[in-house]
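A.B. asks: Line by line, the protein sequences are chains A and B. The first sequence begins at 1 in my numbering and counts up one residue at a time. The second sequence begins at 1001 in my numbering and counts up one residue at a time. First the structure, which I've put down as structure tokens, then a few questions once you've had a look.
2 protein chains.
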Amino acid sequence: MIRFVAVDIDGTLTFRNRRLDIAGVGALRKAENSGLPVVLATGNVLAFAETAATLLGTSGPLIAEDGGIVFDPASEREYMLGDRVEANRGLAALELEFGPLQQTRSSSARLTGLTLKRKIEARVAEELFRRKGLDLVAVDSGFAIHIRSSNVNKGNALRKVASLLKASLAEVAAVGDGPNDIEMLKIARLSFAVANSDEAVKRVCAHVTKEPHGKGVAEAIDKILSLRD
Amino acid sequence: MIRFVAVDIDGTLTFRNRRLDIAGVGALRKAENSGLPVVLATGNVLAFAETAATLLGTSGPLIAEDGGIVFDPASEREYMLGDRVEANRGLAALELEFGPLQQTRSSSARLTGLTLKRKIEARVAEELFRRKGLDLVAVDSGFAIHIRSSNVNKGNALRKVASLLKASLAEVAAVGDGPNDIEMLKIARLSFAVANSDEAVKRVCAHVTKEPHGKGVAEAIDKILSLRD
């Protein structure tokens, strides 16, 4: 039986412009009220995830910084699943090659990676990292270019969350839309891509919802709850 | 004519349990779409205000830490309207008198005051500050006891926001519910207390809405927009 559901925020619970799609909020509350805790999973910093959890009313652990940080509200403990040492090296290498690059406003607050304004292609950055022997990935979230160590991802964070909740991955569902959700969606027992997802995301998911964004999340939650009955 | 509206978050846009009242979200978007920028004003830290603004889609400057910080998204500048030096002295005095006191999770991130778990009465803390000659206020927000210098309040922050937007206070509306909203409500041209407000808040407001929380915010926004026509 599914014990919790991990839900991406940007593009999944929000529209492209980052505003909350109200249609998904009721679904999250329905899940919580049905004893299915919601784990918010974001590429953003922990403070963003904590605020979203407070306003939305979700109770599960939080995944922030694309999986670099897991926060357990039960113990108020933060688990760091990476650092930004290699990412800083990567930025230095990029700037040597392409000149000064601007980080996003939240980047200085990041503990396990960094985010650049979208002036450089993720593909180009990854090519340079490969040439320089840096163990980094560069992912374009649509909002920023996320640079992080290759072992930092929402999949590894989801394993940590499952262990905190004493659940197996066979008891986990996940909903997402973007490239930084793929590792999480691949290892969850039940995986949902909302209708607005990238093709690469839809390919790794068992289910693709009919509707985009919040309405898609509502479809996914209904499906998960129906399978529990 | 009203140029912008400042809206408190906790208890005004949210229910008592801190969850967003969806009924208010549409109203904020209606204001924004009608050319009435929304200024979110919170006792919480700036990261909380920034996340709320992103998810809700408000465009105005942000008031955080009960007025200790104003953030201008146009310039990405933060203005510090206080510090926590006196508040730290106040905490030391309280602990000498009452033994160790626990700060809330966000307190260490606060730059212009601090917040204690509600194990001590605000009235008792203020009495001690007076005796020790400390220029501090203690306000019970219902979520925490906020300790800050007496010049740090949402009223002074609202003056700063008005000056950033080149507006006069005669062009400002404000909506709130709690004791930390009083200074802001007192100086705004149009002031609204939502129906769930403390009596002391209702007394300083020109208008009290019929409905509580988000529905009350919607009433206030409709009234402000009708007066602009």
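Note that beta-carbon positions come from the ideal geometry of N, C-alpha and C, so glycine has one too.
1) Could you name the residues of chain A that Val1175 (chain B) contacts, counting a contact when the two beta carbons are closer than 9 Å?
2) Under 8 Å, do Glu86 (chain A) and Leu46 (chain A) count as touching if we go by C-beta distance?
3) Can you look up Ile9 (chain A) in the DSSP assignment and give me helix, strand or coil?
4) Mind reading off the beta-carbon distance from Phe1143 (chain B) to Asp1010 (chain B)? Whole number of angstroms is fine, and I expect it under 8 Å.
5) Determine, for Phe1048 (chain B), whether the minimum Cβ-Cβ distance to residues of chain A falls below 8 Å.
6) Which value, in whole angstroms, describes the spacing of the CA atoms of Gly90 (chain A) and Ala1053 (chain B)?
7) Measuring alpha carbon to alpha carbon, tell me which of B:Pro1212, B:Leu1114, B:Ala1206 and B:Thr1051 ends up nearest Asp1066 (chain B).
8) Among residues of its own chain, excluding the 5 on either side of Glu1219 (chain B), which ones have a beta-carbon nearer than 7 Å to its beta-carbon?
9) Restricting to Cα atoms, I'd like to know which of A:Leu101, A:Leu96, A:Thr51 and A:Tyr79 is closest to Leu111 (chain A).
10) Do Leu1136 (chain B) and Ile1145 (chain B) count as a contact pair if the criterion is CB distance below 8 Å?
11) Going by DSSP, name the residue or residues bridged to Gln103 (chain A).
12) Can you list, in chain order, the residues of its chain whose CB lies under 6 Å from that of Lys132 (chain A), leaving out five sequence neighbours each side?
13) What does the Cβ neighbour count give for Pro100 (chain A), buried or exposed, with the cut at 16 atoms within 10 Å?
14) So what does Ile1069 (chain B) bridge to, in DSSP terms?
15) Tell me which residue opens and which closes the beta strand (DSSP E) that Val1139 (chain B) is part of.
16) How is Ser197 (chain A) classed by DSSP in three states: helix, strand or coil?
17) Less than 8 Å between the C-beta atoms of Ile120 (chain A) and Ala173 (chain A), yes or no?
18) For the 8 Å Cβ check, are there 3 or more pairs between the stretch 173-187 of chain A and the stretch 31-49 of chain A?
19) Between the alpha carbons of Gln1102 (chain B) and Arg1118 (chain B), how many angstroms are there, rounded?
20) Return the chain-ordered list of same chain residues with a C-beta closer than 7 Å to the C-beta of Asn1033 (chain B), the five sequence neighbours on each side being excluded.
21) Do we get a CB-CB distance below 8 Å when we pair Gly1067 (chain B) with the residues of chain A?
22) Since Ile22 (chain A) meets chain B, which of its residues come closer than 7 Å, beta carbon to beta carbon?
23) Measure from the C-beta of Arg1084 (chain B) to each C-beta in chain A and report whether the shortest distance is under 8 Å.
24) Quick one: grab the DSSP three-state call for Arg1148 (chain B).
25) Run through chain B and tell me which residues come within less than 9 Å of Thr115 (chain A), C-beta to C-beta.
26) What does the alpha-carbon distance come out to for the pair Leu164 (chain A) and Ser1163 (chain B)?
27) Quick check: what's the CA-CA separation for Ile1022 (chain B) versus Glu95 (chain A)?
28) For Gly1176 (chain B) versus Thr1014 (chain B), is the C-beta distance shorter than 8 Å?
29) So with CB distances below 9 Å, who are the chain B contacts of Glu76 (chain A)?
30) Taking only beta-carbon positions, decide if Thr209 (chain A) is within less than 8 Å of chain B.
31) Strictly below 7 Å CB to CB, what residues from chain A border Ala1052 (chain B)?
32) If we count the other Cβ atoms within 10 Å of its Cβ and call it buried at 16 or more, is Leu1062 (chain B) buried or exposed?
33) Rounded to whole angstroms, how far is the Cβ of Leu1081 (chain B) from the Cβ of Gly1068 (chain B), which I believe are closer than 8 Å?
34) Which stretch, first to last residue, makes up the beta strand (DSSP E) that contains Val1176 (chain B)?
35) Which residues share a DSSP beta bridge with Leu1190 (chain B)?
C.D. replies: From the atom records:
1) What Val1175 (chain B) touches in chain A: nothing, since even the nearest Cβ is about 17 Å away.
2) It is not a contact, given that the beta carbons lie outside the stated cut-off.
3) Residue state, collapsed to three classes: coil.
4) So it is a contact: roughly 6 Å between Cβ atoms.
5) At least one chain A Cβ lies under 8 Å of Phe1048 (chain B).
6) C-alpha separation (whole angstroms): 31 Å.
7) Here the closest residue by C-alpha is B:Leu1114.
8) Hits under 7 Å: Thr1209, Lys1210 and Glu1211.
9) Residue A:Tyr79 is the option with its Cα nearest to Leu111 (chain A).
10) In this structure, Leu1136 (chain B) does not lie closer than 8 Å to Ile1145 (chain B) by Cβ.
11) According to DSSP, which records beta bridges pairwise, Gln103 (chain A) is partnered with A:Leu116.
12) Around Lys132 (chain A): Ala93.
13) Counting Cβ neighbours within 10 Å, Pro100 (chain A) comes out exposed, since fewer than 16 surround it.
14) BP columns for Ile1069 (chain B) point to B:Ala1064 and B:Met1080.
15) Val1139 (chain B) -> beta strand (DSSP E) spans Leu1136 to Asp1140.
16) Coil, per DSSP.
17) No, the Cβ-Cβ distance between Ile120 (chain A) and Ala173 (chain A) is not below 8 Å.
18) Yes, the stretch 173-187 of chain A is in contact with the stretch 31-49 of chain A.
19) About 9 Å.
20) None.
21) No, because no Cβ of chain A sits closer than 8 Å to the Cβ of Gly1067 (chain B).
22) Within 7 Å Cβ-Cβ: Ile1022 and Val1025.
23) By this cut-off, Arg1084 (chain B) is not an interface position.
24) Three-state result, Arg1148 (chain B): strand.
25) In chain order: nothing, as chain B lies at least about 14 Å away.
26) Note on geometry: alpha-carbon atoms of Leu164 (chain A) and Ser1163 (chain B) lie some 48 Å from one another.
27) If you take the alpha carbons of Ile1022 (chain B) and Glu95 (chain A), they lie about 44 Å apart.
28) In this structure, Gly1176 (chain B) keeps its C-beta atom at 8 Å or more from the C-beta atom of Thr1014 (chain B).
29) Arg1105, listed in chain order.
30) Not closer than 8 Å to any Cβ of chain B, the Cβ of Thr209 (chain A) fails to qualify, so no.
31) Neighbours of Ala1052 (chain B) on chain A, chain order: Thr51 and Leu55.
32) Burial of Leu1062 (chain B) is indicated by the presence of at least 16 other C-beta atoms within 10 angstroms of its C-beta.
33) Contact flag correct, Cβ pair sits at about 6 Å.
34) Reading off the sequence, residue 1176 (chain B) comes out as Gly, not Val. Start and end: Val1172 to Gly1176.
35) According to DSSP, Leu1190 (chain B) bridges with B:Ala1173.
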